[in-house]
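Letter by letter, the sequence shown follows residues 3 to 140 in the numbering used here.
Even glycine gets a Cβ: it sits at the ideal position worked out from N, Cα and C.
Take a look at the structure below.
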Amino acid sequence: MKLIGIDTGTHTGVAIYETISKRIERLETLPIHKAMALVLATALENPNDTHVYFEDARLRKWFGCSGREQLQGAGSVKRDCAIWEDYLTDYKIPFTPIAPKNNATKLTADYFAKVTGWTARSSGHARDAAMLVFGRRY
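Right, here's the structure in full:
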């Protein structure tokens, strides 16, 4: 089973995790349109064997003391979440939205390597995407 983690935003983190081998197969940061193409290609290569988990900012309940720019950024990410939901629904790709509080985020590259075994370069967005699916059973 291929589990795909998506960290939505301007820089979209994408992780593909294989549940049988229990390893991350792909980890990168892409523009949204390239991330969508990768998800569709993976789903077409693995019909009935792909599931997407994306961090859904619309499920966030606490915003703290954020400035105007951060709130506008949050609105942009919420829009991206709606776009992902529509895209996955239209292509009939199974998905689960995950509240930001339910994901381990902001891991350093060193700690991420210890936890996952992934030692190649990775961005914070890609690591956040990976933590949506790493070790998850479907």
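Since I believe residue j is in contact with residue i (beta carbons under 8 Å), could you give me their beta-carbon distance rounded to a whole number of angstroms?
i, j, result
"Thr14", "Ile34", "5 Å"
For residue i, does the count of other Cβ atoms within 10 angstroms reach 16, so buried, or fall short, so exposed?
i, result
"Arg129", "buried"
"Gly119", "exposed"
"Thr52", "buried"
"Leu73", "With a pLDDT of only 46 at Leu73, under 50, the local geometry of the prediction cannot be trusted, and the value read off the model is given with reservation. Label assigned to Leu73: exposed."
"Ala17", "buried"
"Arg70", "Caution applies to Arg70, whose pLDDT of 48 falls short of 50 and renders its modelled position unreliable; the model cannot decide the point."
I'd like to know whether the C-beta atoms of residue i and residue j end up nearer to each other than 9 Å.
i, j, result
"Leu5", "Val135", "yes"
"Asp82", "Ala106", "no"
Give the single residue among the options whose Cα lies nearest to the Cα of residue i.
i, options, result
"Tyr55", "Phe97, Lys108 and Val79", "Phe97"
"Phe114", "Lys103, Ile8 and Ile26", "Ile26"
"Gly7", "Pro99, Thr91 and Leu46", "Pro99"
Exercise. Which ranges does the alpha helix (DSSP H) cover as unbroken runs of at least 4 residues, wholly within the region 69-121, from first to last along the chain?
Worked result: 70-92 and 111-118
Exercise. Could you give the uninterrupted runs of the beta strand (DSSP E) lying entirely in the region 7-61, keeping only those of 3 residues or more?
Worked result: 14-20, 25-32 and 52-57
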